[in-house]
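*Asks:*
Residue numbers (the numbering used here): 63 to 710.
#1: In this structure, how does DSSP classify residue 558 when only helix, strand and coil are distinguished?
#2: Could you tell me how far apart the beta carbons of residue 590 and residue 551 are, in whole angstroms, since I believe they sit closer than 8 Å?
#3: Which of the three DSSP states is assigned to residue 705 in this structure?
#4: Please go through the stretch 478 to 528 and give each complete beta strand (DSSP E) segment of 3 or more residues, from N-terminal end onward.
#5: Does the stretch 114 to 132 come within contact of the stretch 237 to 247, defined as at least 3 CB pairs closer than 8 Å?
#6: Go to residue 398, then tell me how far its alpha helix (DSSP H) extends in each direction, as first and last residue.
#7: Rounded to whole angstroms, what's the CA-CA distance from residue 171 to residue 594? Just pull it up for me.
#8: Which residue wins for smallest C-alpha separation from residue 240, given the options 212, 128, 531 and 305?
#9: Which term fits residue 648, buried or exposed, when burial requires 16 or more other beta carbons within 10 angstroms of its beta carbon?
#10: Taking only the alpha-carbon atoms, compute the straight-line gap between residue 86 and residue 232 and give it to the nearest angstrom.
#11: Residue 339 to residue 613, Cα distance in whole Å?
#12: Could you pull the start and end residues of the alpha helix (DSSP H) that residue 77 belongs to?
#13: As a quick exercise: from 709, 699, 555 and 150, pick the residue whose alpha carbon is nearest that of residue 298.
#14: Would you tell me roughly how many angstroms separate the C-alpha atoms of residue 164 and residue 153, rounded to the nearest one?
#15: With a threshold of 6 Å on Cβ separation, who are the neighbours of residue 579 within its own chain once the five nearest residues in sequence on each side are excluded?
#16: Answer with buried or exposed for residue 212, where buried requires no fewer than 16 other C-beta atoms within 10 angstroms of its C-beta.
#17: Looking at C-alpha atoms only, which residue of 134, 480 and 437 is the closest neighbour of residue 230?
#18: Near residue 141, which residues of its chain fall below 8 Å by C-beta distance, leaving aside the five closest residues on each side in sequence?
#19: Taking all protein chains shown into account, decide if residue 207 is buried (16 or more other Cβ within 10 angstroms of its Cβ) or exposed.
#20: Taking the alpha carbon of residue 780 as the reference point, which residue from 498, 476, 391 and 330 has its own alpha carbon closest?
#21: Kindly indicate which residue of 112, 637, 321 and 467 has the alpha-carbon position closest to the one of residue 441.
#22: In this structure, what does DSSP give as the bridge partners for residue 644?
#23: Note down the Cα distance separating residue 620 from residue 429, rounded to an integer number of angstroms.
#24: Output the distance between the C-alpha atoms of residue 335 and residue 622, rounded to the nearest integer angstrom.
#25: Closest to residue 644 by C-alpha separation, out of 618, 399 and 450, would be which residue?
#26: Should residue 139 be labelled buried (16 or more other beta-carbon atoms within 10 Å of its own) or exposed?
#27: Any heavy atom of the ligand MN within a distance shorter than 7 Å of the CB on residue 599?
#28: For residue 356 versus residue 558, is the C-beta distance shorter than 8 Å?
#29: Along the chain, where does the beta strand (DSSP E) that runs through residue 309 open and close?
#30: Under 8 Å between the Cβ atoms of residue 678 and residue 667?
#31: Run the CB neighbour count on residue 639, radius 10 Å, all protein chains shown included, and call it buried at 16 or more, exposed below.
#32: Give me whichever residues DSSP pairs with residue 388 in a beta bridge.
#33: Leaving out the 5 sequence neighbours to the left and right, which residues in its chain are closer than 7 Å to residue 14 when beta-carbon positions are compared?
#34: In or out: residue 325 buried (at least 16 other Cβ within 10 Å) or exposed?
#35: Closer than 7 Å by C-beta to residue 654: which residues in its own chain qualify, once you throw out the five before and the five after it? Chain order, please.
#36: Check whether the Cβ atoms of residue 481 and residue 507 sit closer than 8 Å, and answer yes or no.
Put into structure tokens, the structure is as follows:
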């Protein structure tokens, strides 16, 4: 009995037990608290829970063992404060966003200028989870401070009494902890490699455990240190010195007059107000529609006669439209396409997310529409995909979320109805801007009612059915729009947020260098013949980066900006110049007649024509690869140092 009591007096065992209890409390909170987006965490983490549990508790044991070998109990207690800080932030932010937290994400969310930002309070304040998680963090801090004070006083007391303060305990304890931690950490990997499947029920509690052990990034806490180290390294690495050569690489993708209008070499992606003549001779109302995964490859088939895909969009196009056959998004998933559209420059996953807008020197194109009534309608909670900060900055309180559908698959119907309701509130004596989005064609392409069409295993069948359902709802909106007295003074801009892989054609792009995520549908629709005459099909490359300059033309607004694109009403991108799409590991360059894709960290270049991709050694392709990598370095450095525009 005395031996067991002495064992518990070992500070490393006590600290580890406290860490176990705290971690268990966090898991209970995480899986039992209501989620703001309505999707159960048990459902989200199906197939990952045992992976999380074994890796998390294994990590605690292994880390405690390392500090035990060093005989540094106070250092261990302080370490766990930081460890659980990142874990708690991870839990809370993931609960709100369903996005994996990374260290760069922490930097964005907890930038000092955001601490008092209203978005922070609105997003994190008032939730029971926030209170419990912060309570757990304060408990960890209080426990660490108390232990450090106690241990310091103990050492002084022992020294004063002439006794040794040196820790003496069997090495078996840290050895057992380390071995146990490593075993727990590798169990899920072994089970995964062994192909463990199915579910088992835990005796007594009769609780089913998913044994799939799907590998994924949502492993909470255990890999936090790895992620923090990796992304901290990238944060330092991305601080490239912006040389003249790198700026020339950037200029390869920009309009010819961009360099002439560049205001400051410190901000190579920022330019003076354009002096080019506008196509519009007066301000127009603008309806802006983000079509979920509107694939350019499929929508372009309508130009060949297959108008059954979206008959209402086709009807609108024949009243007057500019149809871009070669249009490209600025990234994948939705938030990157949204960012590229609003802000006018490409995205980079490690630096692209101004989740809380206050901490970044950006200006989205809606902010230039100061004389417009602006409204936003969404069919999903804007906390998802981190779009809430954009919405609050651009639209204030004038935004609405469609209610949950009583009939599954009718979200686009509810969204169109809400957009029509908002449209009726738009003034007729003042210009206005209305944006809304669609959802039916989101992967796995089943967001339409069962009564509308079948849902077979054929993904392309489901995709086309989903687009037809969305088109049906857009037709309702277009009919209401046409009844307004200011209809002829209204322009509709319709584009995809990104492409998405559906069939085998989309997977011909070499992996993991890219999939079909960039080629989108884009069109500008107007019945005003002074602006658009009939259906004009354009072959030049268009990009989401071009939306800002184009809207500024339609609104008769000029201003200094960081939009890297063209005014699509008055300019055409040269045939030899592509749109650029950068990812963390690859680039995707869209030309009129081909696509280049390759890795940012390797020399391979794949050229794609007619959706067939082959490795190329062509000098021109290699040159564009170098331009893309140079532009990527400029972008990383600018975003890393928040230098997209000067502070005003």
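The C-beta atom is built at its ideal place from N, Cα and C for all residues, glycine as well.
*Replies:* So, from the data block:
#1: For the purposes of this step, residue 558 is taken as residue 496 along the chain shown, with counting starting at 1. Strand.
#2: Locating residue 590 in the chain shown gives position 528, where the first residue counts as 1. Locating residue 551 in the chain shown gives position 489, where the first residue counts as 1. So it is a contact: roughly 7 Å between Cβ atoms.
#3: In the chain shown, the residue the question calls residue 705 occupies position 643. Coil.
#4: 494 to 499
#5: yes
#6: Position 336 of the chain shown, counted from the first residue, corresponds to residue 398. Residues 396 to 405.
#7: For the purposes of this step, residue 171 is taken as the residue at position 109 of the chain shown. For the purposes of this step, residue 594 is taken as the residue at position 532 of the chain shown. Interpretation of residue 171 is limited by its pLDDT of 48, a score under 50 that renders its predicted location unreliable; no figure is taken from the coordinates.
#8: Taking the first residue of the chain shown as position 1, residue 240 is located at position 178. Among 212, 128, 531 and 305, the Cα nearest to that of residue 240 is on 128.
#9: Walking along the chain shown from the start, residue 648 turns up at place 586. Buried, since its Cβ has 16 or more Cβ neighbours within 10 Å.
#10: By one-based count along the chain shown, residue 86 stands at place 24. By one-based count along the chain shown, residue 232 stands at place 170. About 28 Å.
#11: Translated into positions along the chain shown, residue 339 becomes position 277. Translated into positions along the chain shown, residue 613 becomes position 551. Spanning the two alpha carbons is a distance of roughly 14 Å.
#12: Mapped onto the chain shown, residue 77 falls at position 15. First-last of the alpha helix (DSSP H) with residue 77: 73 to 94.
#13: To locate residue 298, count along the chain shown from 1; it is residue 236. Ranking the options by Cα distance to residue 298, first place goes to 699.
#14: In the chain shown, counting from the first residue as 1, residue 164 sits at position 102. In the chain shown, counting from the first residue as 1, residue 153 sits at position 91. Its pLDDT being 39, under 50, residue 164 is placed unreliably by the model, and the measurement read from it follows with that caveat. Taking the straight line from one Cα to the other gives about 12 Å.
#15: Here residue 579 is taken as the residue at index 517 of the chain shown, counted from 1. Excluding positions up to five away in sequence, the list reads 394, 560 and 561.
#16: Your numbering for residue 212 matches position 150 in the chain shown. That one is exposed.
#17: Within the chain shown, the letter at position 168 stands for residue 230. Per the Cα distances, 134.
#18: The residue you call residue 141 lines up with position 79 of the chain shown. Around residue 141: 125 and 129.
#19: Counting from one through the chain shown, the residue named residue 207 turns up at place 145. It counts as exposed.
#20: In the structure as shown, the chain starts at 63 and stops at 710, and residue 780 therefore has no counterpart that could be examined.
#21: Residue mapping note: residue 441 aligns to position 379 of the chain shown, counting from 1. Closest by alpha carbon: 467.
#22: As a working note, residue 644 is residue 582 in the chain shown. For residue 644, which the question treats as bridged, DSSP gives the partners 649.
#23: As a working note, residue 620 is residue 558 in the chain shown. As a working note, residue 429 is residue 367 in the chain shown. For residue 620 and residue 429, the distance between alpha carbons rounds to 12 Å.
#24: Position 273 of the chain shown, counted from the first residue, corresponds to residue 335. Position 560 of the chain shown, counted from the first residue, corresponds to residue 622. Near 4 Å, if we compare the C-alpha coordinates of residue 622 and residue 335.
#25: Residue mapping note: residue 644 aligns to position 582 of the chain shown, counting from 1. It is 399.
#26: Residue numbering aside, residue 139 sits at position 77 when the chain shown is read from its first letter. Classification for residue 139: buried.
#27: Here there are no bound small molecules, and the ligand MN is not part of this structure.
#28: Within the chain shown, residue 356 is the residue found at index 294, counting from 1. Within the chain shown, residue 558 is the residue found at index 496, counting from 1. Closer than 8 Å, so yes.
#29: One-based indexing of the chain shown puts residue 309 at position 247. Per DSSP, residue 309 belongs to no beta strand (DSSP E); it is in the alpha helix (DSSP H), 306 to 313.
#30: As a first step, residue 678 is located in the chain shown; it is residue number 616 there, counting from the start. As a first step, residue 667 is located in the chain shown; it is residue number 605 there, counting from the start. Yes; because the gap between Cβ atoms is below 8 Å, this pair is in contact.
#31: What you label residue 639 is simply residue 577 of the chain shown in a count that begins at 1. Residue 639 is buried by the Cβ-count criterion.
#32: As a position in the chain shown, residue 388 is number 326, starting the count at 1. Residue 388 is bridged to 603.
#33: The structure shown does not extend to residue 14, since the chain spans only 63 to 710, so no value can be given for it.
#34: Here residue 325 corresponds to residue number 263 of the chain shown, with the count starting at 1. It counts as exposed.
#35: Sequence index remark: in the chain shown, residue 654 carries index 592 (1-based). Closer than 7 Å at Cβ, skipping near neighbours: 388, 601, 602, 603 and 637.
#36: Walking along the chain shown from the start, residue 481 turns up at place 419. Walking along the chain shown from the start, residue 507 turns up at place 445. Not closer than 8 Å, so no.
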